[in-house]
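> Here the sequence shown is numbered in our numbering, starting from 1015 and rising by one per residue. From the three backbone atoms N, C-alpha and C, an ideal C-beta is built for every residue, glycine too. Bear in mind the structure is a predicted one, so any value in this text is a computation, not a measurement. So that we are looking at the same thing, I have put the structure below in structure tokens.
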Amino acid sequence: MVTKVFLDTNIIMDLFDGDRISHKASLKLVKEFLENKATLYVNSDTLATSFYLLRSLKKVTLEESLYALRETTKICDVISIELNDIDKALSLCEDKNTPYKDYEDAMQYICAKKIGADIIVTNDKKFVSKDIKIVTSV
């Protein structure tokens, strides 16, 4: 049974941007997890990144952006990123023998590991996870 679900930033963006291709699929999947009493997680960077993307790329109002963040914190537990987590993500990216080349994805993975996630939900086809199952909404 899946109890701990880590959501990548692209899934949060899907939830609040109805123009995204995977908007409906991500909404449906997140609702299913909530109905099945799974605990959803995001890291603190996801909130900042989502706010930035909604305001600068999507051009939504300040109120709409704040609403999206507030709703995210209602359905997700937020994982703080500590210096130790940054060091781990950087080390993954610096290691020439691993496939981790995207710092943001490495940080998402480290945070998912930190809380013992059962799965990581992402629509990023290049996302790397050594030992946590990856699920997409599409």
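Please report the distance separating the alpha-carbon of serine 1143 from that of asparagine 1050.
24 Å
> Mind checking who aspartate 1091 pairs with in its DSSP beta bridge?
Tyr1055, per the DSSP bridge assignment.
> Provide the residue span of the alpha helix (DSSP H) that contains isoleucine 1124, from first to last.
Looking at the DSSP string, the run of the alpha helix (DSSP H) that includes isoleucine 1124 is 1117-1128.
> Given that a residue counts as buried once 16 or more other Cβ atoms are within 10 Å of its Cβ, and exposed if not, what is serine 1070?
exposed
> Which of the three DSSP states, helix, strand or coil, is assigned to isoleucine 1035?
coil
> Do you know how far the Cα of aspartate 1091 is from the Cα of serine 1105?
26 Å
> With a threshold of 8 Å, are at least 3 pairs of Cβ atoms found where one atom belongs to the region 1070-1081 and the other to the region 1099-1115?
Pairwise C-beta distances place the region 1070-1081 out of contact with the region 1099-1115, as fewer than three of them are shorter than 8 Å.
> To the nearest angstrom, report how far apart methionine 1121 and alanine 1131 are at their CA atoms.
14 Å
> How far does the beta strand (DSSP E) with isoleucine 1134 in it extend, from its first residue to its last?
1133-1135
> Could you check where the alpha helix (DSSP H) with lysine 1102 kicks off and where it finishes?
Per DSSP, the continuous alpha helix (DSSP H) segment holding lysine 1102 begins and ends at 1097-1108.
> Identify every residue that forms a DSSP beta bridge with lysine 1147.
Ile1133
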